[in-house]
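Take 104 as the starting number for the sequence shown in this note's numbering and just add one per residue.
Have a look at the structure below before the remarks.
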Amino acid sequence: MSEQQPESSSYDVHAVEEKWQPVWDQIDPFRADDAAVVAGEREKRYALTMFPYPSGDLHMGHAEVFALHDVLSRYWKFRGYEVLNPMGWDSFGLPAENAAIRNDEHPATYTYANIETQYESMKRYAVSFDWSRRLHTSDPEYYHWTQWLFLKLREQGLAYRKNSPVNWCPQDQTVLANEQVLADGTCERCGAEVTKKELTQWYFKTTHYAQELYDCLDDLQDSWIGKVVNAQRNWIGRSEGAHVVFEIEGHGPVTVFTTRPDTLFGATFFVVAADAKLAAEICTDEQRGAFEAYVDDVRKASDIDRMSTERPKTGVFLGRYAVNPVNGERIPVWAADYVLADYGTGAIMAVPGGDQRDYDFAKAFDLPIIHTVQPPADFEGEAYSGSGPAINSANDEISLNGMDVAEAKSTIIAWLESKGLGNGTVNFRLRDWLLSRQRYWGAPIPIIHCPACGEVAVPEDQLPVELPELRGADLKPKGTSPLGAATEWVNVDCPACGGPATRDTDTMDTFVDSSWYFFRYLSPNDDTQAFDPALAEAWGPVDFYLGGDEHAVLHLLYARFFTKAMRDMGLITWDEPFTAYLSQGKVINNGRKMSKSLGNGINLGAQLDEFGVDAVRLTLVFASPPEDNIDWADVSPAGSLRFLQRAWRLSGDVTSEPGVDAVTGDLTLRKLTHKTVHDAAQLLESYRFNVVVARIMELVNATRKAIDSGCGPADPAVREATETVALLLSMVAPYTAEEMWERLGHQPCVAQAPWPTVDPALLVEDTVTAIVQIQGKVRGRLEVAPDISEADLEAAALADADVVRAIDGREVRRVIVKAPKLVNIVV
């Protein structure tokens, strides 16, 4: 290595990078030892960061998440844990396929070329990944087990096929799950406006675990970032209420769900989702033409648009009346767009006095409005949905009048149940997961459709059902799957009866792949099972997961669903996949999200070439707490590089030998060194990585001062401090730290060194600074013993010359002492 050693007077970041990467490749310091964990020889830590799409080279967002993730992974290794830190690629899905179509090449060609580009960039970025576990979700060896899990879910009744209105992206020509439609009603992938379409599709029954998914969030409240827990709660949307039966004249009974059964006396009309089958069933022949024209218009709007309170209310009378079960009133039945077909039964009782959208509809169509809760005197709105005494709510058998909302709810539910007209129940906003996609680049659904046998599962010994290559074929989306054109692939014999049959030509949503990838990391090369249950028991669940806010609902919810389903299959014993979760902020520029259209993008490769890997990593970690955004315009990778050079120079100045006993060294520097290590551990455990960097900088400055003007380079305390800098710095700037470690006389690699031992005696403070305030203003500072009594501290404060001058002969009326740090004098 000596011929590659940079000149002692300068620090060549690129030479250092080229020097150490092959050394680390040979040592392979981050390969996780399954046997040690299974045998209980070492305590485990499973560190996971979201794997990337291979749609191009790494960008600044990747650089941030990998830098932050690596701090904790390397820290755990220092502390003696056996650390599993794997990496792979989420290589199926629309982003890669659309990019391949734009570039007129096969998705596999495009995808795997980008994977190799990203792999080389990750290696250069020196993240502590265990590359022996590398996987790609588009490999048959991976999606073999994605298909196997699909079949297992189907056996459990958790995968099924049905016809229903679905979200349709007209640009990508495929269906979308509710979670993949943005708040403005557009496709999260391409930005096109999403519409509705009637199709027969595959679903996972996520609603089977709705209550458990909701309840388990209580256990995650303290270890997941709060906004993510809230996002999960809101999406699952648990609400308590009642099912109420309304008789539709000329049709029969229809059940609705309401969270406010206490307002039943105010139900003055009945609304059915226009695109629900129920609406078509109820509609009279006289109203059929107007109804069908209206439905055509409704299907052009997204669910988000339809639910907006600002959208003008539209609807069509269906020609029938419902009977309000509490008062026998005949109320008109309407079809409208502000009720969704997949919410509850697709029908609601409309209470315009208590719901703003019902109020707006009633106003638009001149329908009655009855208030059933007395609003406060200062209420100036229209519909009132708050608390208060019930009004206008009585019949010959029951009166709710005067009751508060809670009492009125329980009373009316009991009455409905006694009459067989309803029952108390719980409803969820969560819908089942639509997983079919009419695209090529995904895992084929392992089902065969037989005219005689119906849906037939592909036998397990015939998995994986591999994608046909379709090279040279037109993969542009057309509304049906391109796989339909592969006739030799599509036409097969039925596994059950041997007759002619066809394969399902849809592929699975890429979120299926990413819902279980952290299990496959445990057994990435096992061709006999999806993962080894013994390894899942030893390594699971994931101890720390880092990823972006954009996955706060979709990916996390789906991964939680898969985990609970696997538990119920007997594959694992734990309930939740991720013990702790942290979402990092974004890297922006000049206050705005980076984009080509704004011309404010930052090229990661260019930053690495100019400043080096370590300076970029240090900048990203030091800039802010992990969850906050980083504005690249406000940070200085050049300043980070200068700091790294200062730290590197320390290692060249140390003249004492390795292993020297630091006990005889400078006490002040030793105290700072041990306090830095002690504080760093606490800060790292609470994800305050930026503060750890600040403490390392303080230690570098103190060590430089000690060398230049104090104890000198031969002092053992200087070696101890510099070695500590190298160890701590390796979590953020591994190349610099490794170079320092070698210059200090140690063998590589620094990541395999133990965490520095802290001497508790060196953490004891000799003095602390006590602040003296007069009338709330600071008038003095005293250096006092940490164990000083309140009486002695008060006497010292009143005797201090600066304090005496500030009192200026005035009477001291009161002295408040909080030893050893504060004295507050009132004059």
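Here a beta-carbon is modelled for each residue, glycine too, at the ideal position from N, C-alpha and C.
By how many angstroms is the C-alpha of residue j removed from the C-alpha of residue i?
i    : j    : result
H346 : S521 : 13 Å
Y245 : Y543 : 17 Å
K880 : K689 : 40 Å
L238 : E801 : 41 Å
D609 : S539 : 6 Å
I204 : L707 : 25 Å
Q855 : K180 : 7 Å
A393 : L279 : 29 Å
F468 : C386 : 18 Å
I919 : N927 : 5 Å
P837 : Y446 : 53 Å
L960 : W735 : Only positions 104 to 930 of the chain appear in this structure, which leaves residue 960 out of reach.
E395 : G355 : 22 Å
G557 : I550 : 10 Å
A211 : Y222 : 16 Å
H247 : M190 : 19 Å
P132 : E640 : 24 Å
Q565 : I548 : 13 Å
K265 : R341 : 24 Å
L885 : R182 : 39 Å
E914 : L901 : 12 Å
N526 : T362 : 12 Å
V568 : Q304 : 19 Å
G456 : D400 : 28 Å
G762 : A820 : 12 Å
Out of the options, which one is the CA nearest neighbour of residue i?
i    : options                : result
L753 : S267, Q687, L711, E826 : E826
W642 : A376, A139, A450       : A139
Q274 : V297, G260, D287, Q283 : V297
Q748 : A784, N804, E788       : N804
C319 : L775, E485, K667, E389 : K667
I810 : G422, A824, V656, G355 : A824
G848 : G755, T872, L674, E485 : G755
V719 : I705, E730, A382       : I705
I472 : D458, P243, L660, F482 : D458
E591 : A599, D737, E258, L570 : L570
E208 : D388, K579, N504       : K579
A633 : L252, E788, N498       : L252
L660 : N692, S727, E563, D535 : D535
I501 : P492, I515, P816       : I515
On the DSSP bridge assignment, give the partners of residue i in chain order.
i    : result
I919 : N927
A560 : I550
S342 : N530
K696 : I691
W305 : R264
Y149 : L187
P603 : D596
Might you give, ordered along the chain, the residues of its own chain that have their beta carbon closer than 7 Å to the beta carbon of residue i, omitting 5 neighbours on each side?
i    : result
F195 : T240, S241, W544, G545, A546, T613, D616
L786 : V794, V795
Y263 : Y306, K308
I218 : P157, W192, S194, H239
V436 : I351, F373, V375, I385, L421, R423, Y424, A425
W751 : Y114, T839, E842, M843
W271 : V278, V297, T298, K299, K300
Report back the beta-carbon spacing between residue i and residue j to the nearest angstrom; my notes put them in contact at under 8 Å.
i    : j    : result
V930 : I877 : 6 Å
K147 : L187 : 7 Å
A589 : C553 : Rounded, the Cβ-Cβ distance is 19 Å, inconsistent with contact.
D440 : A404 : 6 Å
E730 : L685 : 7 Å
V593 : G601 : About 17 Å; that fails the 8 Å criterion.
L96  : P859 : No statement about residue 96 is possible, as the shown extent of the chain runs from 104 to 930 and does not include it.
L533 : I339 : 5 Å
D646 : T682 : 5 Å
A370 : N427 : 5 Å
V887 : A873 : 5 Å
Is there a Cβ of chain D sitting closer than 8 Å to that of residue i, yes or no?
i    : result
V141 : In the structure shown, chain D does not exist; there is a single protein chain.
Can you list, in chain order, the residues of its chain with a C-beta nearer than 6 Å to that of residue i? Leave out the 5 residues immediately preceding and following it.
i    : result
P109 : A caution first: P109 carries a pLDDT of 42, below 50, which makes its placement in the model unreliable, though a value can still be read off. For P109, where only same-chain residues beyond five positions count, the Cβ hits under 6 Å are D115, A118.
M104 : Because M104 carries a pLDDT of 36, less than 50, the predicted location of this residue cannot be relied on, and the following value inherits that uncertainty. Excluding residues within five positions, none has a Cβ falling inside 6 Å.
H162 : L707
A444 : P268, A376, D378, A379
Whose C-beta lies closer than 8 Å to the C-beta of residue i among residues of the same chain, with five residues either side of it excluded?
i    : result
A662 : S617, S618, W619, F621, P680, F681
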